[in-house]
Each structure stands twice: as C-alpha cells, then as structure tokens.
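In full-length UniProt numbering, the protein residues as written are 566 to 847. Just so it is clear, CB atoms sit at the ideal spot from N, CA and C, and this is done for glycine as well. Taking it in order: structure first as structure tokens, then the write-up.
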Ligand code: C2E
Ligand code: MG
Ligand code: MG
Ligand code: MG
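Below, the structure written as structure tokens:
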C-alpha cells in the first residue's frame, strides 16, 4: 500500500487512525510532563461502615488537574499510563501520597489505593509497598490495595506468590469491580483476598429486577462464607443503600454518601462527620 501512495515510501493509512495514534502519543508525552510537574492530585471518597454509620476509610482516586482541560478523570489517562509504563512511578506516587495523607489525618482510617495489572506485575511489588509503608510510617493494616479481577486473570504461581507476599506485609487486599470478570469463584478459592467490592453495575440495578437483587445477595453471602468483608460501590440512592444494608453488606461507597473529595473537603468531612445520619444495620 505504501507503493500505491506514490512510491515515496510513505504509507497511506486511515487518517482517523493517525489522529488516534497522534492523540495517544501526545497524551503520553503530556502525561509524563504532568506527572513531573505535579499536576496529578488525589481525591478521596469515603466508605461508610453500615454497622456504625461512621466513615471507616477512603478510596484514593487520581485526577489530572490539566491547565487547559480542567480535571481529567483517570479513565482518560490510566490506560495510556499502563501502556507506556508510566503507571509504575505514577502508581508509586499515588500510594505514597495516599499513605502520607492517612498518616497526616492521624485516625485509624483505612486507605484504599488502586493497583493496576502493570504495577502488580512489575518486579517486586511487595517490596515496593513495604518501602512506601516504611517511608510514610503507614501502619500496614490501614492500607487496602484494590485490584480488579484482571490482575488475577493470569492465574500463575508467580502472581499467587505476589499476593502471598503482599498479604505477609499485613496489608488488606480487595477485589475491585467484583462480578465483572471471569472465573471469580475459582480465584476466590486460590487468592486469599480480604474484601470483595461489588461492582457498580450490580448496585445500579438494585431496586428493579429481583434477579439482580438475588445476584448481589449471593455475592454478599459468598463474602461471608469466605470470611471476606463486602463493600458496595456506586450507591446513588436510598433504595440501593437500604437493600444492601438489609443484605448484610459491610461497607457502602457512592455519590449518595459522598463524591470523591479534594483533600481539604475530605478533612472537613472527617471533622464534621457526614451531614446526614446513615441508617445502620439492626
Ligand atoms: P474504581 O476503583 O472502581 O473506582 C470507583 C469509580 O467509581 C471512581 O471513578 C468513582 O469516582 C466512581 N464512583 C464512586 N461512586 C459513584 C457513584 O455513586 N456513581 C457513579 N456513577 N460513580 C461512582 P474514577 O475516580 O473516575 O475512577 C475510575 C477508575 O479509574 C477506578 O475505578 C480505578 O479503576 C481507576 N483509578 C482511579 N485512580 C487510580 C489510581 O490511582 N491507580 C490506578 N491504577 N487506577 C486508578
Ligand atoms: Mg477501586
Ligand atoms: Mg471499583
Ligand atoms: Mg468500578
């Protein structure tokens, strides 16, 4: 096809592909600069304990404070960071920043940090986490690492060894977006996770079809059966919250309770408490 273009050695290709590639390369370069220039920030979304109604911890969620484009959500750049490998230093920065903040708050809160596949499989992940814990003075039991099923998709002995080493540090391991992957049940037997996060897509459907409700109930029971805590993500209304509480789900997270907040607002929320009572489990 290059020849068809006139034999000058240039390839003709779909211009939309070219645009996409240019955008991706541009984004990768911009992101690296942004990272170096401290344009990344963490927002913190509270998780509420459904037995006490209190804030039990936060999930740290990264954002890119772009000088021209405003707040760029992680789904617009985490993929590129993964593809270029920038996720490794970026992820370490997120972990360090989140641990530092948890220590600064000085309360026995749990801080959850997302760990991507690339980070998980990069060298000695447990060694990296141990270093960050030591650098920040974060008590291991207060750190929760959230990993999606895709992290465990390559069910190799090497990955199992990584999980075992992470657990040995005393950190809490959560399976994020649970229910959206494949052999979830097999993984649960093999990988010793502490927390199941019920994916938002299931929470979304609560209050409608009874089949959806049965599915979520099964996940909560599964967690109980395997000695894992359950967290529901993406709770947006009272009905969903009431159903999850009645099912015995342990922790709740979602816009109904609070959006992810900049650090100042999260600190204020901690000091004042939630502006409304969260009904607790009987
Ligand atoms: P996730 O870990 O499943 O995080 C939950 C996402 O759901 C967050 O989106 C959060 O803002 C959003 N959310 C929370 N409550 C609600 C709700 O009630 N309704 C709706 N519609 N959404 C809700 P966010 O911050 O855009 O993050 C998206 C994903 O990006 C995260 O999904 C996570 O996979 C990834 N991510 C975020 N920060 C990091 C990070 O520091 N490192 C890595 N590796 N991934 C990250
Ligand atoms: Mg998460
Ligand atoms: Mg999630
Ligand atoms: Mg999710």
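CB-CB under 8 Å to residue i, same chain, minus the five flanking residues each way: which ones, in chain order?
{"i": "residue 802", "result": "772 and 821"}
{"i": "residue 784", "result": "743, 744, 761, 763, 767 and 795"}
{"i": "residue 571", "result": "Only weak support is given to the placement of residue 571: the predicted model assigns it a pLDDT of 44, under 50, and the question is left unresolved by the model."}
{"i": "residue 568", "result": "Low confidence applies to residue 568: its pLDDT is 42, below 50, so where it sits in the model is not reliable enough to give any reading."}
With residue i as the anchor, note down where its alpha helix (DSSP H) starts and where it stops.
{"i": "residue 626", "result": "Careful: residue 626 lies outside any alpha helix (DSSP H), inside the beta strand (DSSP E) at 620-631."}
{"i": "residue 652", "result": "652-670"}
Candidates the options: which alpha carbon is nearest residue i's?
{"i": "residue 695", "options": "686, 683 and 708", "result": "708"}
{"i": "residue 615", "options": "813, 656 and 680", "result": "813"}
{"i": "residue 752", "options": "737, 765, 736 and 725", "result": "725"}
{"i": "residue 597", "options": "655, 701 and 668", "result": "655"}
{"i": "residue 650", "options": "738, 683 and 805", "result": "683"}
{"i": "residue 591", "options": "605, 642, 636 and 775", "result": "642"}
{"i": "residue 610", "options": "677, 808 and 715", "result": "677"}
{"i": "residue 688", "options": "799, 701, 728 and 664", "result": "728"}
{"i": "residue 815", "options": "837, 693 and 782", "result": "782"}
{"i": "residue 756", "options": "732, 665, 786 and 633", "result": "732"}
{"i": "residue 600", "options": "659, 621, 586 and 635", "result": "659"}
{"i": "residue 715", "options": "810, 774, 681 and 700", "result": "681"}
{"i": "residue 661", "options": "673, 679, 644 and 672", "result": "679"}
For residue i, verify whether its CB is less than 7 Å away from any heavy atom of ligand 2.
{"i": "residue 741", "result": "yes"}
{"i": "residue 679", "result": "yes"}
{"i": "residue 711", "result": "yes"}
Are there any heavy atoms of ligand 1 lying less than 7 Å away from the beta-carbon of residue i, as far as the coordinates show?
{"i": "residue 638", "result": "yes"}
{"i": "residue 610", "result": "yes"}
{"i": "residue 652", "result": "yes"}
{"i": "residue 596", "result": "no"}
{"i": "residue 625", "result": "yes"}
{"i": "residue 604", "result": "no"}
{"i": "residue 825", "result": "yes"}
{"i": "residue 800", "result": "yes"}
With DSSP as the reference, identify every bridge partner of residue i, one or two as the case may be.
{"i": "residue 679", "result": "711"}
{"i": "residue 540", "result": "Look at the range of the chain in this structure, 566 to 847, and you will see that residue 540 is not part of it."}
{"i": "residue 705", "result": "Partner(s): none; residue 705 has no beta bridge."}
{"i": "residue 817", "result": "613 and 797"}
{"i": "residue 826", "result": "609"}
Could you pull the start and end residues of the beta strand (DSSP E) that residue i belongs to?
{"i": "residue 847", "result": "Careful: residue 847 lies outside any beta strand (DSSP E) and carries neither H nor E."}
{"i": "residue 613", "result": "605-614"}
{"i": "residue 742", "result": "737-743"}
{"i": "residue 636", "result": "635-637"}
Can you name, in chain order, every residue of its own chain whose Cβ lies under 6 Å from the Cβ of residue i, other than the five neighbours on each side?
{"i": "residue 835", "result": "none"}
{"i": "residue 639", "result": "627"}
{"i": "residue 631", "result": "637"}
{"i": "residue 788", "result": "761 and 795"}
{"i": "residue 828", "result": "none"}
{"i": "residue 698", "result": "705"}
Which same chain residues end up closer than 7 Å to residue i when comparing Cβ atoms and leaving out the 5 residues on each side of it in sequence?
{"i": "residue 617", "result": "845"}
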